[in-house]
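Asks: The structure's right below; bear with me while I get my questions together.
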Ligand SMILES: NC(=O)c1ccc[n+]([C@@H]2O[C@H](COP(=O)([O-])OP(=O)(O)OC[C@H]3O[C@@H](n4cnc5c(N)ncnc54)[C@H](O)[C@@H]3O)[C@@H](O)[C@H]2O)c1
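Residue numbers (this note's numbering): 11 to 270.
Shown next as structure tokens:
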């Protein structure tokens, strides 16, 4: 039997990048998936590709109501919810504190932390009753920036450290009903967008000059990941059969930052 047969997941930021790879892998493993994303065009393409296995809400993770709509839709369409994957996030162009204009700092901080931290809390809170009912689980996307400096700028790195704290506290608060874990990717070939106000440029992560080479050279495994490289770990943590005693834990999928 497939690892997630007849399970139902909610994936935020599931229209592109790592989230999209997780959605496709969960479907391969037998799950049905409700996706919240801000990108209407990519959501529509996903819905066309998987009309029976996916339902979508176009919205913003910073809105609690948008998260609530996804949970309601998942339960209405697929009858239950077993896993919440918090994944949508934005980057900061590696901007150090010294390079952010003082008049921009508060607004960039507010937007980035609302998306990267409040967005996960909203998804968890909206999913709680349904996950308690299914004795389900939560998997949050962290980053090597949740543990080490230098893989992002001041805003992104501090927000991802906050996600590690969120995982530990939620694992404590939600035990024994709901397991809470994280997957921590390193540099991955995606078009992750950055928050406004920290750089005059506006380009996706994998368009930044030298991103591929510098990120590959920064880790012992000497390459950057494709989104699909991380997905087995999400399946493992979303499966109550495969990881029944694991909670409060983050699995690293980062090319070996710890071994640098
Ligand atoms: N790409 C990397 O190198 C890398 C490395 C480590 C961790 N991560 C983490 O992986 C996760 C996914 O990032 P990615 O690289 O796949 O980026 P991505 O931009 O390819 O995917 C993120 C998705 O989230 C959506 N999104 C962004 N803001 C949103 C909002 N406010 N509301 C709803 N949806 C929103 C985007 O439209 C997009 O579909 C993030 O948590 C990121 O921090 C990425």
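Note that CB positions come from ideal geometry on N, CA and C, so glycine has one too.
Remember, it's a predicted structure, so these values are computed and weren't measured experimentally.
Just to check, is the beta-carbon of residue 47 closer than 7 Å to a non-hydrogen atom of ligand 1?
Replies: In the chain shown, the residue the question calls residue 47 occupies position 37. At least one heavy atom of ligand 1 is nearer than 7 Å to the Cβ of residue 47, so yes.
Asks: I'd like the span of the alpha helix (DSSP H) that includes residue 140, first residue to last.
Replies: For the purposes of this step, residue 140 is taken as residue 130 along the chain shown, with counting starting at 1. Residues 129-144.
Asks: Report yes if the C-beta of residue 75 is less than 7 Å from at least one heavy atom of ligand 1; otherwise report no.
Replies: As a working mapping, residue 75 is identified with position 65 in the chain shown. Residue 75: no, Cβ never under 7 Å from ligand 1.
Asks: So residue 129 and residue 20 are supposed to be a Cβ contact under 8 Å. How far apart are they, rounded?
Replies: Your numbering for residue 129 matches position 119 in the chain shown. Your numbering for residue 20 matches position 10 in the chain shown. Their Cβ separation, rounded to whole angstroms, is 12 Å, which puts residue 129 and residue 20 out of contact at 8 Å.
Asks: Does the contact criterion of 3 or more C-beta pairs under 8 Å hold for the region 175-187 versus the region 238-245?
Replies: With the cut-off at 8 Å, the region 175-187 and the region 238-245 do not touch.
Asks: How would you call residue 87, buried or exposed, if buried means at least 16 neighbouring beta carbons within 10 angstroms?
Replies: As a first step, residue 87 must be located in the chain shown, where it is residue number 77. Classification for residue 87: exposed.
Asks: Determine the contact status of residue 199 and residue 234, defining contact as a CB-CB distance below 8 Å.
Replies: Within the chain shown, numbered from 1, the residue matching residue 199 stands at position 189. Within the chain shown, numbered from 1, the residue matching residue 234 stands at position 224. Going by C-beta atoms, residue 199 is nearer than 8 Å to residue 234.
Asks: Residues bridged to residue 19 by DSSP?
Replies: Within the chain shown, the letter at position 9 stands for residue 19. DSSP output for residue 19 lists 43, 93 as bridge partner(s).
Asks: Would you mind giving the Cβ-Cβ distance between residue 34 and residue 14, rounded to the nearest angstrom? I have them listed as a contact below 8 Å.
Replies: In the chain shown, the residue the question calls residue 34 occupies position 24. In the chain shown, the residue the question calls residue 14 occupies position 4. Contact doesn't hold; Cβ gap of about 12 Å is too wide.
Asks: When you compare each of 42, 36, 25, 237 to residue 50 by their alpha carbons, which one comes out closest?
Replies: For the purposes of this step, residue 50 is taken as the residue at position 40 of the chain shown. Minimum Cα distance to residue 50 is reached at 25.
Asks: Please report the distance separating the alpha-carbon of residue 121 from that of residue 127.
Replies: For the purposes of this step, residue 121 is taken as residue 111 along the chain shown, with counting starting at 1. For the purposes of this step, residue 127 is taken as residue 117 along the chain shown, with counting starting at 1. Their Cα atoms are separated by approximately 10 Å.
Asks: Under 7 Å Cβ to Cβ from residue 28, same chain only, skipping five residues before and after it: list those, please.
Replies: Translated into the one-based positions of the chain shown, residue 28 becomes position 18. Hits under 7 Å: 97, 151, 195, 198, 200, 237, 240.
Asks: Within 8 Å, do at least three Cβ pairs link the region 202-209 to the region 101-121?
Replies: Verdict: yes, contact present.
Asks: Return yes when the Cβ of residue 164 is within less than 8 Å of the Cβ of residue 190, no when it is not.
Replies: Within the chain shown, the letter at position 180 stands for residue 190. Within the chain shown, the letter at position 154 stands for residue 164. No; because the gap between Cβ atoms is not below 8 Å, this pair is not in contact.
Asks: I want to check one thing, is the minimum distance from the CB of residue 248 to the heavy atoms of ligand 1 below 7 Å?
Replies: One-based indexing of the chain shown puts residue 248 at position 238. Residue 248: no, Cβ never under 7 Å from ligand 1.
Asks: Can you tell me whether residue 170 is buried or exposed, with buried defined as 16 or more other CB within 10 angstroms of its CB?
Replies: Position 160 of the chain shown holds residue 170. That one is buried.
Asks: Please indicate yes or no: does the CB of residue 163 lie closer than 7 Å to some heavy atom of ligand 1?
Replies: Walking along the chain shown from the start, residue 163 turns up at place 153. The answer is no for residue 163.
Asks: Suppose you measure from the CA of residue 221 to the CA of residue 160; what does that come to, to the nearest Å?
Replies: Looking up residue 221 in the chain shown gives position 211. Looking up residue 160 in the chain shown gives position 150. Going by the C-alpha atoms only, they are around 13 Å apart.
Asks: Report yes if the C-beta distance between residue 18 and residue 42 is below 8 Å; otherwise report no.
Replies: As a position in the chain shown, residue 18 is number 8, starting the count at 1. As a position in the chain shown, residue 42 is number 32, starting the count at 1. For residue 18 and residue 42, yes; Cβs fall inside 8 Å.
Asks: Could you name the residues that DSSP lists as bridge partners for residue 195?
Replies: Start at 1 with the first residue of the chain shown, and residue 195 comes out as number 185. According to DSSP, which records beta bridges pairwise, residue 195 is partnered with 263.
Asks: Taking residue 140 as the reference, give the member of 114, 78, 250, 181 with the closest Cα.
Replies: Position 130 of the chain shown holds residue 140. Taking only the C-alpha atoms, the option nearest residue 140 is 78.
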